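Worksheet for the structure shown next.
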Amino acid sequence: MVFGLPGRLGACCVFRIAMTGFLLVLACFPSVPRAAQPALQTNAAMIIGDDRGGLLTDRLHQMRRLLIRSQPVEIRGDVCFSTCTMLLGLPNVCVSPKTAFGFHGPSRSGQALDGDTFETASQIIAGFYPVPLRAWYLSTARHQIQGVALRSGQELIAMGVKTCAPRHASLIQ
7 MVFGLPGRLG ACCVFRIAMT GFLLVLACFP SVPRAAQPAL QTNAAMIIGD DRGGLLTDRL
67 HQMRRLLIRS QPVEIRGDVC FSTCTMLLGL PNVCVSPKTA FGFHGPSRSG QALDGDTFET
127 ASQIIAGFYP VPLRAWYLST ARHQIQGVAL RSGQELIAMG VKTCAPRHAS LIQ
């Protein structure tokens, strides 16, 4: 199994197919005027609690749904690791200064990828990050295959990610 997909395709091929489809969604939906999709919009924010990541394909599907709905995302938990950090690429995302973000390089079940696949996957993942974070990811974090390279929400805010407005304790579930 490669990136959570069964079959005989190589990691590079499967990854490129998945990312090409997702990048097409990214290219198409932000240009659709909000008035053209009123039934799909929601003002209710999705609150991300402690999210340690998961399969790339699952995250891409989640991000597609969030884009289609123009749904705001608030990353407020103690941790946002691995594929959770890709949510930083959404247009309506904010982060808590207290959340710890964990980044690592692309791998197949924790095992290093061949050079071409690693480079392609790294560049695609980096494309979800604001420019200063992207530069750090490409120079440092992508080389972390075991464990994660940490950045705080406060550091991401200093890099240009929007800060989530404070919430009353009674509103957080």
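According to this note's numbering, the sequence shown is numbered sequentially starting from 7. Where is the CB? At the ideal position from N, CA and C, for every residue including glycine. Note that the structure is a prediction, hence the values are computed from the model and not measured.
Euclidean distance between Cα positions of GLU125 and LYS168: Cα to Cα, GLU125 sits roughly 28 Å from LYS168.
Short check: CB of ALA51 to CB of VAL79, under 8 Å? yes
Helix, strand or coil at CYS100 according to DSSP, with G and I counted as helix: CYS100 falls in the strand class under three-state DSSP.
Starting from SER158, follow its DSSP beta bridges and name the residues at the other end. ALA106
Do LEU94 and PHE134 have their beta-carbon atoms positioned less than 8 Å apart in this structure? yes
Below 8 Å, can you find three or more Cβ-Cβ pairs linking the region 152-169 to the region 88-108? yes
For THR89, is the classification buried or exposed, using 16 other Cβ atoms within 10 angstroms of its Cβ as the cut-off for buried? buried
Taking the alpha-carbon positions, what's the ASP120 to PRO112 distance? 10 Å
Measure the alpha-carbon distance for MET69 versus LEU96 and round it to whole angstroms. 8 Å
Is ASP56 helix, strand or coil by DSSP? coil
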